[in-house]
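Data block below; observations after.
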Amino acid sequence: MKRLIIALLIMIFAISCGDSKTADSSSDSSIKMETVSAGFVDKLKEEYKGKTLIVNFFASWCPPCRGETPDFIAAYEKYKDSNFVIVGISVDKKVKEAVKFVDEFKVTYPVYHGDSSLGSEMNISTITTSIIYKPDGKLFDITVGPLTAKELDIIAGSFK
Numbered sequence: 001m002k003r004l005i006i007a008l009l010i011m012i013f014a015i016s017c018g019d020s021k022t023a024d025s026s027s028d029s030s031i032k033m034e035t036v037s038a039g040f041v042d043k044l045k046e047e048y049k050g051k052t053l054i055v056n057f058f059a060s061w062c063p064p065c066r067g068e069t070p071d072f073i074a075a076y077e078k079y080k081d082s083n084f085v086i087v088g089i090s091v092d093k094k095v096k097e098a099v100k101f102v103d104e105f106k107v108t109y110p111v112y113h114g115d116s117s118l119g120s121e122m123n124i125s126t127i128t129t130s131i132i133y134k135p136d137g138k139l140f141d142i143t144v145g146p147l148t149a150k151e152l153d154i155i156a157g158s159f160k
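Residue numbers (the working numbering): 1 to 160.
Here it is as structure tokens:
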């Protein structure tokens with residue numbers, strides 16, 4: 001039964017991811033967002049080697065995601081000159097939904113739109129999910145549910 005539920009959640013996730021490659025820059029937003037796929041997190045780990053990396057999978061319509069975003073922005077701004085990085089990956093069906101979210105919250109950390117292959121590869125079945133990597137690129141933790149400002153401070157200070 002548990003496997004069936006997980007399989008259904010993965011299928012729902014895969015169906016909910018759109019095929020758009022870039023966002024419309026309609027309205028006042030000039031934000032462009034790249035759609036990324038399987039293998040992207042490995043590229044992030046290599047790019048940010050030597051830094052604690054949080055990869056946060058979110059959606060614009062997710063209340064816990066919306067609730068934690070101000071804390072993510074504050075932590076990113078507080079620690080951006082140290083060895084701590086946050087990268088957001090939207091699982092929204094359409095890129096323009098993610099762009100609107102980034103614009104609404106004035107997100108300052110890098111955000112990408114993930115296609116269904118990335119969600120499947122990372123076994124993302126619930127959002128918000130944050131995957132935390134140590135500076136050596138090894139997995140430290142996977143957190144399902146929102147992270148608080150205090151938890152982000154602890155993570156940022158854990159691997160100095």
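The beta-carbon is built from N, C-alpha and C at its ideal position, and this holds for glycine as well.
Along the beta strand (DSSP E) that carries residue i, what are the first and last residues, could you check?
i: Ile142; result: Leu139 to Val144
i: Ser130; result: Thr129 to Tyr133
i: Leu53; result: Thr52 to Phe58
Can the beta-carbon of residue i be found less than 7 Å from the beta-carbon of residue j?
i: Phe40; j: Val91; result: no
i: Ala156; j: Phe84; result: yes
i: Lys113; j: Thr52; result: Sequence check: residue 113 is His here, not Lys. Not a contact, by the Cβ cut-off of 7 Å.
i: Gly137; j: Lys49; result: yes
i: Ile127; j: Ala38; result: no
Go to residue i, then tell me how far its alpha helix (DSSP H) extends in each direction, as first and last residue.
i: Tyr112; result: Tyr112 -> not in any alpha helix (DSSP H); beta strand (DSSP E) instead, spanning Val111 to Gly114.
Do you know offhand how far residue i's Cα is from residue j's?
i: Val95; j: Glu47; result: 24 Å
i: Asp115; j: Lys160; result: 33 Å
i: Ile86; j: Glu77; result: 10 Å
i: Pro146; j: Pro64; result: 6 Å
i: Ile142; j: Ile89; result: 15 Å
i: Asp153; j: Val102; result: 22 Å
i: Asp42; j: Ile124; result: 15 Å
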